[in-house]
Each structure stands twice: as structure tokens, then as C-alpha cells.
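Here's the structure, in C-alpha cells; my notes come after.
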Amino acid sequence: MSVSIGTPFKPTAKKVLLCGSGELGKEVVLELQRYGVEVIALDAYPDAPAMQVADRSHVVSMLDGPALRAVIESEKPDLVVPEVEAIATEVLADLEASVFTTVIPTARATQLTMNREGIRRLAAEELGLETSSYRFAATEEEFRSAIEEIGLPCVVKPIMSSSGKGQSTVRSPDEVERAWEYAQAGGRAGQGKVIVEGFVDFDYEITQLTIRHAGGTSFCEPIGHLQVDGDYRESWQPQSMSDRARGAARRCAEAVTDALGGYGVFGVELFVKGERVIFSEVSPRPHDTGMVTMI
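Right, here's the structure in full:
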């Protein structure tokens, strides 16, 4: 398959608009520019890392649908690459459906992976992948009932958050109220639904970087990582695994990324207990834990 890139700032240019301009986005910009791609960076604050190297940038709240649409329609990018979760994904879906632009990997993948309810139901209920036990709760009353069903200890997360915001582990009844309040404060869109997950007693957790491309699916060696209170602290590659567990991790990663579709790099988060592989989450981009050589 041949790809024509053209020349930046000319009518033939291939243009990529990056939604989110953090450190990960900065690395994406640099690699795109090495191929001669014209890159536009967006974020909610000025002088974000990717903006410092992009060809041009815009400061806009990507949760503001009309503002996001206006920038995309003005720039007319060939590709839109979401780099963060806080995006008005309905705008991306509408523009993709109208064939105005292409979202990498897809608008649907972006919508599902930014919402823990969407991706959990896909993985557990549609694909039949092993996950932790879980319940969703929209009110404090439902939340307390969910904890009673799941049992203690359990993990509480807003269905829409990132980088550990609003996430906590409840180990005793006197921590329940605080966990609810913390989750409500940490949600990306303000107060809202939470997921209550049964605590997984895993041996280690990995990121399985999975690349969907025209020739099929490829896998990087598994990346082991450590998180403290939901925040990424360190990672290493390769994580030592048995052949059986490694194969199970790749099958799990391939199943969920095939269901999401599109081309690109996915960071599939998995718990491993012995030979068992338990799906946790997936991001439609490399994920911070995958930046092993950049840390």
C-alpha cells in the first residue's frame, strides 16, 4: 500500500491534527515531522509540550464541541489523532461519519476507551474476556449497594477519568463515603457514574503494546509497570512471563483491539496471576507506560 505525504505548507501536504499536546503528543509530533507531515497541536492551555514543536497550535477546550469542530473544519486535517481522553468525541464521530476527516484509530475506539463503562462492557460482556468483577453506580445509594455486592476490598473509579484521578481502594466500611466523594471530584466531566471493581490479587501488571496495521497485528514485548494510587511510577521491558501467559496476553489484546478497529498503536493494560491474564483497560495510543526509553 503506497502513501503520498506531499510537502508541508503546500496544497499537497498531509496534515495531522493532534487533540492533546502533552509529552506523549510531543513525541508523536516529532516522529510525524520526520516523515514530512504538517502537524497542528490542540490543548486547553498555551505552550503545552507538543505545541512547542508543532507547526502551529490552537488553545481550545476539547470538551467544547462547537469550538473543537470549528478548529477541525478550519484546519481540514487528513487525520485527527486523540492524545487525551477529555474530548467531545461526538464531534469526532460526526466528522468521521461525514468523511470530513479520519480519526486514528477510529472515533468509536476513542469514545469507548474514554468511558470505562463502554470498554468494560465490550471486553467482558461482548468479547467474553476475563475481567475483575464490577458494578456501575450513578448515585450514592447505588454505590453503596455495589460495594455490598462486590465486597471489600474493592477499587472505585469514575467512569471517565485518567492518571488515577478520583481512583481509590476501599478496604473498610468507614472509607466508603470518602471514596464516593473522591470519585465525584475526580471525574473528567464533573460528578457522574463510577465503576466499583473487585480487587484483583495479581502477581504483576503489564502494558501489551499492540499495533494494528495493513498487514495484520503486531506486538511489542510486554512492559511491566508499577502504579501507586493509580499513578504510573515506573516501567521496564521486557516483563518476564511464561510462554503460556504471554500468548494469553496477546490473544486478549488482539481480541479487544480488533473489536475497536482502525489502525494504530494501542496500550492494552492487563493483570497477570500465574498463567491467568485479566483485562483491565485499553488506550487507543501508546500509553505513558509504553514510553520506556523516554523516561
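In the working numbering, the protein residues as written are 7 to 301. We treat Cβ as the ideally placed atom computed from N, Cα and C, and that holds for glycine. This structure is a prediction, so every number in the text was calculated from the model and none was measured.
Spatial neighbours of residue i in its chain, beta-carbon cut-off 6 Å, leaving aside the 5 residues before and after
i	result
residue 263	216, 218 and 272
residue 47	24, 27, 56, 57, 60 and 63
residue 152	141, 143 and 202
residue 102	109 and 113
Nearest-angstrom beta carbon gap, residue j and residue i [assumed within contact, 8 Å]
i	j	result
residue 94	residue 113	In fact, because the Cβ distance is near 11 Å, the residues do not count as touching under 8 Å.
residue 258	residue 283	5 Å
residue 225	residue 233	At roughly 22 Å, the Cβ-Cβ gap does not stay under 8 Å, so residue 225 and residue 233 are not in contact.
Residue i classed as buried or exposed, judged by whether at least 16 other C-beta atoms fall within 10 angstroms
i	result
residue 83	buried
residue 89	buried
residue 237	exposed
residue 274	buried
residue 211	buried
residue 96	exposed
residue 147	exposed
residue 116	buried
residue 266	buried
residue 172	buried
Close beta carbons around residue i, own chain, < 8 Å, minus the five adjacent residues each side
i	result
residue 18	10 and 12
residue 207	279
residue 22	38, 43, 44, 45, 46, 83, 84, 85, 86 and 87
residue 242	229, 230, 231 and 298
residue 32	55, 56, 58 and 59
7 Å CB neighbourhood of residue i in its chain, flanking five on each side removed
i	result
residue 125	118, 119, 287 and 288
residue 15	44
residue 245	210, 212, 228, 229 and 230
residue 41	11
N-terminal and C-terminal residue of the beta strand (DSSP E) that residue i is part of
i	result
residue 284	282–289
residue 214	210–219
residue 202	200–204
residue 65	62–65
Endpoints, alpha helix (DSSP H) assigned at residue i
i	result
residue 51	Residue 51 -> no alpha helix (DSSP H), and no H or E assigned at all.
residue 78	71–81
residue 32	29–40
In chain order, each beta strand (DSSP E) run of at least 3 residues that lies wholly inside the segment 87–157:
140–143
Report the start-end ranges of each beta strand (DSSP E) in the segment 157–184 that is 3 residues or longer and not cut off at the edges. 160–164 and 174–176
### Task
Please go through the segment 219–283 and give each complete alpha helix (DSSP H) segment of 4 or more residues, from N-terminal end onward.
249–266
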